[in-house]
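In the working numbering, the protein residues as written are 5 to 515. Since the structure comes first, as structure tokens, the remarks are kept for the end.
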Ligand code: CTP
Ligand code: MN
Ligand code: MN
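Here's what the structure looks like:
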């Protein structure tokens, strides 16, 4: 390199003499007391770091030589958020919730302005969404800072709130997963689901491929798709799936309550592409469930709101308490995880008093009560096959053995929102899908954990139990294969503790 070049390229190149002179300079007054900066040397180099430190100090910034607890802002160059987090982890340093991780562009802006400038998304290497939402959700305040440990391949070792910074990627990956499911390609489906799930847990948005380094569950195929979306804003493969006739038909057919992959496949092969053709075809036989699915189709495809879920909860409680006054009734599923909408409303029912003989009758009594009130549009009761000493299932997607019922209830509109439906020809109610599950009192923690979801979270809990702990977990029990004993639990916290896992709150299980 010739010397001329060095002058024009500025501080990036080595300028030993000047750097030395700057380093030797006298201390400067600190004008901005509330900020304590630390400039990361990694990928920046010693001399450039020294140059920037001196410059910042001259402008009145407090810049530390060493990383200490007093540091409030870490500034890095050519590093992604995950790079810096990884570096901190290697140094064995815990980032406090106040610690900001910033790109050099922020410091440049500050130096230009001669004072600290506001930190925006373009400066921040990590968007601290967990802390910005803490004020509105007091439960979150006791959370530790975002995990700085290596991101786990298991969803049950990650905190996944509904603040998904990577929707653009997760939606694409979930479409691909769904398409694989429709083609009964289970392996690829799981791979796409796991990738989408891990991205949902990230506290930062992926903006470059560097950000994906060190993140588990992202195979080459997934990385290609992420890269394409970063570059073009969309993935050609996802676009092709969305336009694919088979995908569109399966999506439409499975949106009918009672229609699964087998029926969809059949209808697709028969050449059907629309629901109206299927409904009006005289040669087709429908199950009772599918008939209800078509009858209440419009209501059932429109999502259940939280307000509707609350209203359903009132009806369910009234019906259950009429039959079983001391019952505990808990809303589970997506609404327990804090979702604002859902495809149904799930409830877990249990009681400390009920005998095994009485238990069998309860859901029959509850549904009769609803029927007599004129609120039962559809009812399918599945009898219990629960056995006390049955080992937990080995399958990650196994169905449970509790008595349960799949219902469609008639929810009369409240005065406030009647207006919205007035165009529907005087219809004053909405059909809502409701699941009720009844479990023995001593199994309530397992049932609650199993029915809270998300599905991905549940799968990974079981996978973790099996592969990392030699235990078997399902909606009924936890079995330790090494000790050959069932592990009892009175609460979800105890189950996590048995598994050696940090407790994950329901609203952090949106994996
Ligand atoms: N579940 C189960 N056994 C079933 C059905 C569901 O264990 N036969 C569990 C699943 O783990 C799932 C939870 O119950 O996570 C709730 O199921 P579901 O209502 O299908 O999903 P949600 O997460 O509630 O999502 P949505 O808002 O679409 O209802
Ligand atoms: Mn649900
Ligand atoms: Mn459900």
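We treat Cβ as the ideally placed atom computed from N, Cα and C, and that holds for glycine.
In the displayed model, residue 382 falls within a strand according to three-state DSSP.
The beta carbon of residue 45 sits closer than 7 Å to the beta carbons of 53 from its chain, once the five residues preceding and following it are set aside; these are given in chain order.
Taking residue 355 as the centre and dropping the five residues before and after it, the same chain places the C-beta of 328, 330, 331, 332, 445 closer than 7 Å to its C-beta, in chain order. Around residue 370, the same chain offers 323, 324, 327 as residues with beta carbons nearer than 6 Å, after the five sequence neighbours per side are excluded.
Of the candidates 197, 61, 69, 35, 69 places its Cα closest to the Cα of residue 50.
For residue 475, the enclosing beta strand (DSSP E) begins and ends at 475–477. If you ignore the 5 residues before and after residue 465, its C-beta comes within less than 7 Å of the C-beta of 160, 477, all in its own chain and listed in chain order. Taking 9 Å as the cut-off, the beta carbon of residue 390 is found closer than this to the beta carbon of residue 405. The straight-line gap separating the alpha-carbon atoms of residue 254 and residue 301 is approximately 16 Å. The beta carbon of residue 456 sits closer than 6 Å to the beta carbons of 336, 340, 510 from its chain, once the five residues preceding and following it are set aside; these are given in chain order. Within the region 266–336, the complete alpha helix (DSSP H) segments at least 4 residues long are 279–283, 292–299, 301–305, 310–327, listed from N- to C-terminus. Membership of residue 113 in any beta strand (DSSP E) is not indicated; the residue belongs instead to the alpha helix (DSSP H) covering 108–117. The beta carbon of residue 63 is closer than 7 Å to those of 115, 118 in its chain, skipping five residues each way along the sequence. Proximity of the beta carbon of residue 339 to ligand 2 is indicated: a heavy atom of the ligand is located closer than 8 Å. DSSP places residue 55 inside the alpha helix (DSSP H), whose first and last residues are 50–62. Around the CB of residue 311, fewer than 16 other CB atoms lie within 10 Å, so the residue is classed as exposed. Residue 166 is not a Cβ neighbour of residue 479, given a cutoff of 9 Å. In the structure shown, residue 351 falls within a strand segment according to DSSP collapsed to helix, strand and coil.
In this structure, residue 501 keeps its C-beta atom at 9 Å or more from the C-beta atom of residue 449. A distance below 6 Å between beta-carbons, with the five flanking residues on each side excluded, links residue 463 to the following residues of its chain, in chain order: 400.
Separation of the CB atoms of residue 85 and residue 173 is rounded to 15 Å, and the pair is thereby denied contact status at 8 Å. Taking non-hydrogen atoms of ligand 3 into account, the C-beta of residue 73 is found less than 8 Å away from none of them. Classified as buried, residue 381 has 16 or more neighbouring CB atoms from the shown chains inside 10 Å of its CB.
With distances taken between CA atoms, residue 398 lies nearest to 485 out of 348, 485, 154. Of the candidates 237, 217, 294, 270, 294 places its Cα closest to the Cα of residue 263. If the five residues before and after residue 348 are omitted, its C-beta is found closer than 8 Å to the C-beta atoms of 308, 337, 436, 437, 438, 439, all from its own chain and listed in chain order. One thing to note: residue 229 has its Cβ within 9 Å of the Cβ of residue 241.
Residue 79 is positioned such that its CB atom lies no closer than 9 Å to that of residue 103. In the three-state scheme derived from DSSP, where H, G and I count as helix and E and B as strand, residue 502 is classed as helix. Residue 395 sits exposed, since fewer than 16 C-beta atoms from the chains shown fall within 10 Å of its C-beta. For residue 129, the three-state secondary structure derived from DSSP is coil. By alpha-carbon distance to residue 363, the top candidate from 177, 317, 442 is 442. Counting every other CB atom within 10 Å of its CB across the protein chains shown gives residue 508 a total of 16 or more, marking it as buried.
Distance from the CA atom of residue 384 to the CA atom of residue 409, rounded to whole angstroms, is 5 Å.
DSSP, read as helix, strand or coil, puts residue 164 in strand. Counting every other CB atom within 10 Å of its CB across the protein chains shown gives residue 345 a total below 16, marking it as exposed.
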